[in-house]
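Structure first, then comments.
Spelled out as structure tokens, the structure:
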């Protein structure tokens, strides 16, 4: 019963000194009494966070909520959080967003547009090999994009790549992306994690990529085991021998597994529990500011939101500080009804909108609702805090005469047939820059235009910005477009929740990450296990 | 006579199973959204939905999907899971095993414990043991199972004594019982949830039996007290208790969903919840039929126990 694979007492690291966990696990395995184990755990409380040069070896067991039997290792259609964690560690895209949300070369050395931003030349990083030892070639890149945009079976990235006309091979290590519409920020599309480069003969039953880890065991909805890619192109990385990603369907089980040292790190803990968990001296918290947002969505083409005064009144009814405090337990940044806070063109100078009940009432009266109005708000547990936000909003809005009736549905219903046509609902978005976000959600042609936003002036500005290669000019256009969104848009963006994760102190190499993805953006290539004596 | 009864009961059971399958099928159709939407969630674009629906044969008419599923069932083929793409039998095989292990372990503890505690309480009616047992079982019976589970986890796993693992985890492909220590907390929780019911039922029927005429008669005739209890009272008390045990076992078979969530136990309950969220009709169907069948089988067994422990019926059966 005490095989080496026994998941609750993997020895951390390969150091000579027996670790606290090994002692604890060993005593359990031997069936020794309460006493020794109890002593062991008291001593474990004084473990210090490891520092210095990363130690090589060991297994990192990561617990994540979500996923199920629909889990997959397909690089191009990650759906759940656990899918994303797997994809990030098995595959690599041409570019990626790093921890500061800066677009950074990954499998590409560079991506440069021509003067019109119609053709993008991408130079591949030399010497990168797939898990089976074959080198990455231009053909593989072409095949990868053909797989993603296959009209018979389009993958996650396909919608954003509708502007892609063809991928041409210039040489063995250079490809050119030819677009049908000039796009100055096409490199952002190339930086999506769901665009990992795979070999031309890729088959999802043999998941081969260039990532720091190789797939060695996969049990959908339960767990996946990955081993170190010995030929990884980054020097000295990854540090771990093995990475285990475990699905949990319940937050309680997830946290209990961390507290009983059955897992080493857990992603996305409920913000309300942050304080309690961080009180445990064995546990460290990774609290990352993100640009994620959890908006209320008002449909502009329907009553009462077809009147801009009503939308403004709703925005003025929100006490944003209280929202952050009550919904996120203070772990978030305040929102100003604008998305893309990390975009270089973010409209920073617009005044912060605050609660103004008198003004909201006046606007409602002007719009023909002197006695206030009744509205149904559709909510679902689509993301931590969503349902709570709906409840807090209902309370706050009452003061302005907005009588909110909350209709709570389950997540599948929410994203079912009526998704994108609710009159007043919510949604959830990860961190994105302005133009890619607009492409997804704020153009009449966007696949996820929940607010049915169709503003000619806004669309014209966005179109111009998308084709403007000069960065300063482009950013000015973006700022102007955001002013319009701020004045008459259909989103109520009250805040940007932090991403909080928890891990055992002996885990090192996890750093805050602004993308909104849990646990250092799932970049476990950096993680290592400090053996403390 | 027993045989005739059994055959009749089995035929009725088949009709019930058919009705259940229809009901479940209709119920899953009433859920908003289809498997393609459930799987893609927020990522769904019309193009991706169309492609996935085509892959999953969701464009076939409803009755055709039901009939092909029913036909498969009769030939021992449970169909394919929409979510995982694999055969349902493969997906559920180890889930069912895991649930059976948990159920079996819990039954092994709770049935003897419940009967013993109940019998003693009845014999020591009004004494300290009875009061303690009654009080204790009342408290346990009134607590939701997740409270008991969380209490045990806090006590034995995360906060007070850190001696037991709080969740079940085994490497892919390995069975849960390869790590017996992980089974302790879920089994214990189940045992604490179920035992009070059995004990209370046993106590009640035992008291009734002890007060009845034939026990009094046996005592008056000078039968030793030990024999009065073991040969006359307990067997008579067992039949109604068997019904309670059957209900509890069936309840466990239905997946003690809360317990499976709390301990991350890979049983049928969790599979069922997963399948419902994914609108995975074939899996929901297979599981509901299975659970319904389990209900029928344990109830049949309870009836058998009833017949066997009732001297009158027993002798009739032998004749």
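Residue numbers (the UniProt record's numbering), protein chains in the order written: chain A, 1 to 533; chain B, 1 to 319. Note that the Cβ used here is the ideal one computed from N, Cα and C, for glycine as well.
Review point. Going by alpha carbons, who is nearest to residue 280 (chain A) out of A:288, A:256, A:295 and A:290?
Key: It is A:256 whose Cα lies nearest to the Cα of residue 280 (chain A).
Review point. Closest Cβ-Cβ distance between residue 39 (chain B) and chain E: below 8 Å?
Key: The chain labelled as chain E is not found among the protein chains of the depicted structure, namely A and B.
Practice item. Please say whether residue 107 (chain A) and residue 118 (chain A) have beta carbons closer to each other than 8 Å? Key: No, the Cβ-Cβ distance between residue 118 (chain A) and residue 107 (chain A) is not below 8 Å.
Review point. Could you give the residue range of the alpha helix (DSSP H) that holds residue 235 (chain B)?
Key: 234 to 253 is the extent of the alpha helix (DSSP H) around residue 235 (chain B).
Practice item. Please name the residue, chosen from A:149, A:92, A:485 and A:99, that lies closest to residue 515 (chain A) on a Cα-to-Cα basis. Key: Closest by alpha carbon: A:99.
Check your understanding: Do residue 246 (chain A) and residue 268 (chain A) have their C-beta atoms within less than 8 Å of each other?
Key -> Cβ atoms of residue 246 (chain A) and residue 268 (chain A): not closer than 8 Å.
Point to revise | Nearest candidate by alpha-carbon position, reference residue 26 (chain B), set B:112, B:279, B:144 and B:302 | key: The shortest CA-to-CA distance from residue 26 (chain B) to any of B:112, B:279, B:144 and B:302 is the one to B:279.
Check your understanding: With 16 as the cutoff for other CB atoms within 10 Å, does residue 320 (chain A) come out buried or exposed?
Key -> Flag for residue 320 (chain A) reads buried.
Point to revise | Cβ of residue 225 (chain A) within 8 Å of any chain B Cβ | key: With 8 Å as the cut-off, residue 225 (chain A) counts as an interface residue toward chain B.
Review point. Curious, which full-length alpha helix (DSSP H) runs of at least 4 residues does the region 241 to 287 of chain A contain?
Key: You should have 251 to 259 and 274 to 278.
Check your understanding: Between the Cα of residue 152 (chain B) and the Cα atoms of B:15, B:73, B:166 and B:109, which residue gives the shortest distance?
Key -> Ranking the options by Cα distance to residue 152 (chain B), first place goes to B:166.
Review point. Is it buried or exposed for residue 354 (chain A), if we count other Cβ within 10 angstroms and need 16 for buried?
Key: By the 10 Å Cβ count, residue 354 (chain A) comes out exposed.
Exercise for review: Run down chain B in chain order and give the residues with a C-beta less than 7 Å from the C-beta of residue 256 (chain A).
Suggested key: Those are 153, 157, 158, 166 and 167, listed as they occur along chain B.
Review point. Do residue 265 (chain A) and residue 519 (chain A) have their C-beta atoms closer together than 8 Å?
Key: Between residue 265 (chain A) and residue 519 (chain A), the C-beta spacing is below 8 Å.
**Study point:** Identity of the residues DSSP links to residue 375 (chain A) by a beta bridge
**Key:** Beta-bridge pairing links residue 375 (chain A) to A:404.
Review point. Does the region 135 to 146 of chain A come close enough to the region 165 to 173 of chain A that 3 or more CB-CB pairs lie under 8 Å?
Key: They touch, by the three-pair rule.
Review point. Which same chain residues, not among the five before or five after residue 275 (chain A), have their C-beta less than 8 Å away from its C-beta?
Key: Counting only residues of its own chain and dropping the five nearest sequence neighbours on each side, residue 275 (chain A) has a CB closer than 8 Å to the CB of 329.
Practice item. Tell me whether residue 424 (chain A) counts as near the ligand SAM, meaning its Cβ is closer than 7 Å to at least one heavy atom of that ligand. Key: No copy of the ligand SAM occurs in the structure displayed, which carries no ligand at all.
Check your understanding: Can you tell me the Cα-Cα spacing of residue 501 (chain A) and residue 287 (chain A), whole angstroms?
Key -> Between residue 501 (chain A) and residue 287 (chain A), the C-alpha separation is close to 7 Å.
Check your understanding: Any beta-carbon of chain B closer than 8 Å to the one on residue 518 (chain A)?
Key -> No, residue 518 (chain A) lies away from the interface with chain B (no Cβ there is under 8 Å from its Cβ).
Point to revise | Contacts that residue 82 (chain A) makes with chain B (C-beta to C-beta distance below 7 Å) | key: None at all; the shortest Cβ gap to chain B is about 13 Å.
Review point. What do you reckon, are the CB atoms on residue 360 (chain A) and residue 394 (chain A) nearer than 8 Å?
Key: With contacts defined by Cβ atoms closer than 8 Å, residue 360 (chain A) and residue 394 (chain A) do not form a contacting pair.
Check your understanding: Thinking C-alpha only, which one of A:261, A:436 and A:402 is nearest residue 342 (chain A)?
Key -> Residue 342 (chain A) has its Cα closest to that of A:436, out of A:261, A:436 and A:402.
Practice item. Kindly indicate which three-state DSSP category residue 177 (chain B) falls into: helix, strand or coil? Key: Residue 177 (chain B) falls in the helix class under three-state DSSP.
Practice item. Could you tell me whether any Cβ in chain B is nearer than 8 Å to the Cβ of residue 284 (chain A)? Key: With 8 Å as the cut-off, residue 284 (chain A) does not count as an interface residue toward chain B.
Exercise for review: Report the residue from B:229, B:201 and B:241 whose alpha carbon sits nearest the alpha carbon of residue 123 (chain B).
Suggested key: Answer by Cα proximity: B:229.
Check your understanding: What residues in its chain sit with their C-beta under 6 Å from that of residue 49 (chain A), if we drop five residues either side in the sequence?
Key -> Correct list, in chain order: 505.
Practice item. Pull up the DSSP beta-bridge partners for residue 491 (chain A), would you. Key: The secondary-structure analysis by DSSP pairs residue 491 (chain A) across a beta bridge with A:297.
**Study point:** Cα-Cα separation between residue 462 (chain A) and residue 344 (chain A), rounded to whole angstroms
**Key:** One alpha carbon belongs to residue 462 (chain A), the other to residue 344 (chain A), and they sit about 15 Å apart.
Review point. Apart from the five residues just before and just after residue 305 (chain B), which ones in its own chain have a Cβ nearer than 6 Å to its Cβ?
Key: Annotation for residue 305 (chain B): 242 place their beta carbon closer than 6 Å to its own, counting only its chain and skipping 5 residues before and after.
Review point. Alpha carbon to alpha carbon, how far is residue 460 (chain A) from residue 182 (chain A)?
Key: Rounded to the nearest angstrom, the two C-alpha atoms are 14 Å apart.
Check your understanding: Does the Cβ of residue 62 (chain B) have 16 or more other Cβ atoms within 10 Å, making it buried, or fewer, making it exposed?
Key -> Classification of residue 62 (chain B): exposed, given that the 10 Å Cβ count is below 16.
Check your understanding: Straight-line CA distance for residue 164 (chain A) to residue 101 (chain B)?
Key -> Rounded to whole angstroms, residue 164 (chain A) and residue 101 (chain B) show a C-alpha spacing of 54 Å.
Practice item. Measure the alpha-carbon distance for residue 109 (chain B) versus residue 125 (chain B) and round it to whole angstroms. Key: For residue 109 (chain B) and residue 125 (chain B), the distance between alpha carbons rounds to 24 Å.
**Study point:** Closer than 8 Å to chain A by CB, residue 175 (chain B)
**Key:** No - not a single Cβ of chain A is within 8 Å of the one on residue 175 (chain B).
Exercise for review: Could you tell me whether the Cβ of residue 264 (chain A) comes closer than 8 Å to any Cβ of chain B?
Suggested key: No, no contact with chain B.
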